[in-house]
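K.L.:
With mature numbering (1 follows the signal peptide of the UniProt record, and there is no 0) as the guide, the letters of the sequence shown map in order to residues -26 to -1, 1 to 256.
I have a structure I would like to understand better, so I am pasting it below and will then ask my questions one at a time.
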Amino acid sequence: MASSSTAAVISMLLAATALYLMVVSSDCKHAVQGLRLEIYSAQEVKGCYNYNQTLGICFDARKGFMTLLKTTGEEIVFYQELGSNMFYYKLIDQGFIGHGPSMIYVPDAIPRIPQELREFLNQTAEETPTEFESLKNHYQEAIRELHNVAEIQLLELVSVALSDNSTQLEILKPFHALCFNLLKTSNIQTPVELRSAHGLDDKTADQHGERTKRCSLTSDPHNNYCTGMCGPNCVCWDWVCGDCCHHQGCYLHDMCCEKSPYGSYCLVPFFYGFDCSSYVTC
Ligand SMILES: *[C@@H]1O[C@H](CO)[C@@H](O)[C@H](O)[C@H]1NC(C)=O
Ligand SMILES: *[C@@H]1O[C@H](CO)[C@@H](O)[C@H](O)[C@H]1NC(C)=O
Ligand SMILES: *[C@@H]1O[C@H](CO)[C@@H](O)[C@H](O)[C@H]1NC(C)=O
């Protein structure tokens, strides 16, 4: 009798200890700085990037699917392919359907169900000036809203942290392009204190070898607004393609944006296979 009750007490103590350890370690999870991956496989990459205890961003990337979330679970970006020539893209509160080279705004009342979205697209004439005005206004509204989401400032840090791994997964390509494009279209730069706190500037200085110096377009040597360099105007974002030289993918993407700033080739390059070395010709 005595020994069995001792055993019961011990097992209770063990259970309590295990519970305590679980609580402590899940607490630590939130405190850990930098990248934490929950899943890292060819099918899915999921995790969070914490800057500090209050600022962090979570992501989930699968084939034809990506989300960005606040650490509270609140959605910032949602992207889902709906078959081979269609996608749904939601930035904060504004939803869009892409189809071919165009995008249309989707009112909130339309449920986010592929079948409903397809039907909505089917019933909407895409090319009318009214549709275009609506797309433009709602996209601009989404960008204004993104400026109030502090987590967006972490996208470069997330993208760089994920590129650090020697095993580069194919499903991360669209994710890098999403990060790049959100920052570019909203013209958000990583604040200096965030960059320096996570050693981004030291790293890029080291990586800039001789080749980079020779071909760098930062001084606009061809007097063409640094065409082909990745980043907004003459600001070099070397984290996108590794240096400040000409990259055919960035060049072709810039051409698309010039031709049609609210076209989906400009706004959603990850759907069309953006790559540093290649992109669609608009
Ligand atoms: C986390 O970093 C952000 C951005 O620098 C800052 O505004 C915030 O106060 C920081 N939070 C903590 C708990 O240090
Ligand atoms: C779109 O509408 C047409 C007729 O208006 C119909 O034949 C077609 O099946 C619809 N397509 C989808 C995807 O709903
Ligand atoms: C790097 O990749 C390996 C698998 O190849 C994975 O286990 C690891 O978590 C990754 N680390 C980072 C920081 O991405």
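No residue lacks a Cβ here, since even glycine has one placed at the ideal position from N, Cα and C.
(1) When burial is assigned at 16 or more other CB atoms within 10 Å of the CB, is Lys158 buried or exposed?
(2) Closer than 6 angstroms by C-beta to Pro148: which residues in its own chain qualify, once you throw out the five before and the five after it? Chain order, please.
(3) Rounded to whole angstroms, what's the CA-CA distance from Val19 to Gln142? Just pull it up for me.
(4) Do you know how far the Cα of Leu156 is from the Cα of Glu125?
(5) Would you mind reading off the limits of the alpha helix (DSSP H) that contains Lys233?
(6) Less than 7 angstroms separating the Cβ of Gln68 from some heavy atom of ligand 1?
(7) On the three-pair Cβ rule with 8 angstroms, is the stretch 186 to 204 touching the stretch 104 to 121?
(8) Residues bridged to Lys64 by DSSP?
(9) Given a cut-off of 8 angstroms on the beta-carbon distance, is the pair Pro75 and Tyr239 in contact?
(10) Kindly indicate the opening and closing residues of the beta strand (DSSP E) around Leu9.
(11) At the level of alpha carbons, what is the spacing between Asn26 and Glu93?
(12) Helix, strand or coil: how does DSSP classify Val242 here?
(13) With a threshold of 8 angstroms, are at least 3 pairs of Cβ atoms found where one atom belongs to the stretch 20 to 39 and the other to the stretch 51 to 67?
(14) Quick one: Cα of Ala135 to Cα of Leu29, how far?
(15) My output table needs one value for Asn24: the three-state DSSP class, helix, strand or coil.
(16) On the three-state DSSP scale, how would you describe Ala171?
(17) Closest to Asn59 by CA distance: which of Ser251, Val254 and Tyr246 is it?
(18) Taking the alpha-carbon positions, what's the Val166 to Glu90 distance?
(19) Any heavy atom of ligand 1 within a distance shorter than 7 angstroms of the CB on Leu131?
(20) Is any heavy atom of ligand 1 found at a distance shorter than 7 angstroms from the C-beta of Glu167?
(21) Could you tell me which of Lys233, Glu101 and Ser133 sits nearest to Cys32, measuring between CA atoms?
P.N.:
Considering the structure as presented:
(1) As a first step, residue 158 is located in the sequence shown; it is residue number 184 there, counting from the start. Buried: at least 16 other Cβ atoms inside 10 Å.
(2) Taking the sequence shown and counting its residues from 1, the one referred to as residue 148 is at position 174. Phe244.
(3) Reading the sequence shown from its first residue, position 45 is the one you call residue 19. Reading the sequence shown from its first residue, position 168 is the one you call residue 142. Their backbone Cα atoms lie some 11 angstroms apart in a straight line.
(4) To locate residue 125, count along the sequence shown from 1; it is residue 151. To locate residue 156, count along the sequence shown from 1; it is residue 182. Taking the CA atoms as reference points, Glu125 sits about 12 angstroms from Leu156.
(5) Numbered from its first residue, the sequence shown carries residue 233 at position 259. Element bounds for Lys233: Gln222 to Lys233.
(6) The residue labelled residue 68 in the question sits at position 94 within the sequence shown. Incorrect: Gln68 has no Cβ contact closer than 7 angstroms to ligand 1.
(7) Contact check between the stretch 186 to 204 and the stretch 104 to 121: fewer than three CB pairs, one atom from each, fall below 8 angstroms, which does not count as touching.
(8) Start at 1 with the first residue of the sequence shown, and residue 64 comes out as number 90. Looking at the DSSP assignment, Lys64 forms a beta bridge with Phe52 and Gly69.
(9) Position 101 of the sequence shown, counted from the first residue, corresponds to residue 75. Position 265 of the sequence shown, counted from the first residue, corresponds to residue 239. Cβ atoms of Pro75 and Tyr239: closer than 8 angstroms.
(10) Stepping through the sequence shown from its first residue, residue 9 is reached at position 35. Here the beta strand (DSSP E) through Leu9 covers Gly8 to Tyr14.
(11) Here the question's residue 26 lines up with position 52 in the sequence shown. Here the question's residue 93 lines up with position 119 in the sequence shown. Each residue's Cα considered, the two are about 43 angstroms apart.
(12) Indexing the sequence shown from 1 puts residue 242 at position 268. Coil at Val242, not helix or strand.
(13) Three or more Cβ pairs drawn from the stretch 20 to 39 and the stretch 51 to 67 lie within less than 8 angstroms of each other, which places the two stretches in contact.
(14) Along the sequence shown, one-based indexing puts residue 135 at 161. Along the sequence shown, one-based indexing puts residue 29 at 55. Taking the straight line from one Cα to the other gives about 16 angstroms.
(15) Here residue 24 corresponds to residue number 50 of the sequence shown, with the count starting at 1. Strand at Asn24.
(16) One-based indexing of the sequence shown puts residue 171 at position 197. Of the three classes helix, strand and coil, the one that applies to Ala171 here is helix, per DSSP.
(17) Residue numbering aside, residue 59 sits at position 85 when the sequence shown is read from its first letter. Of the residues Ser251, Val254 and Tyr246, the one whose Cα lies closest to the Cα of Asn59 is Tyr246.
(18) Counting from one through the sequence shown, the residue named residue 166 turns up at place 192. Counting from one through the sequence shown, the residue named residue 90 turns up at place 116. Answer to the nearest angstrom: the Cα atoms are 44 angstroms apart.
(19) As a working mapping, residue 131 is identified with position 157 in the sequence shown. Flag unset: Cβ of Leu131 not near ligand 1.
(20) Position 193 of the sequence shown holds residue 167. Correct: Glu167 has its Cβ closer than 7 angstroms to ligand 1.
(21) Position 58 of the sequence shown, counted from the start, is the residue given in the question as residue 32. The residue with the shortest Cα to Cα distance from Cys32 is Ser133.
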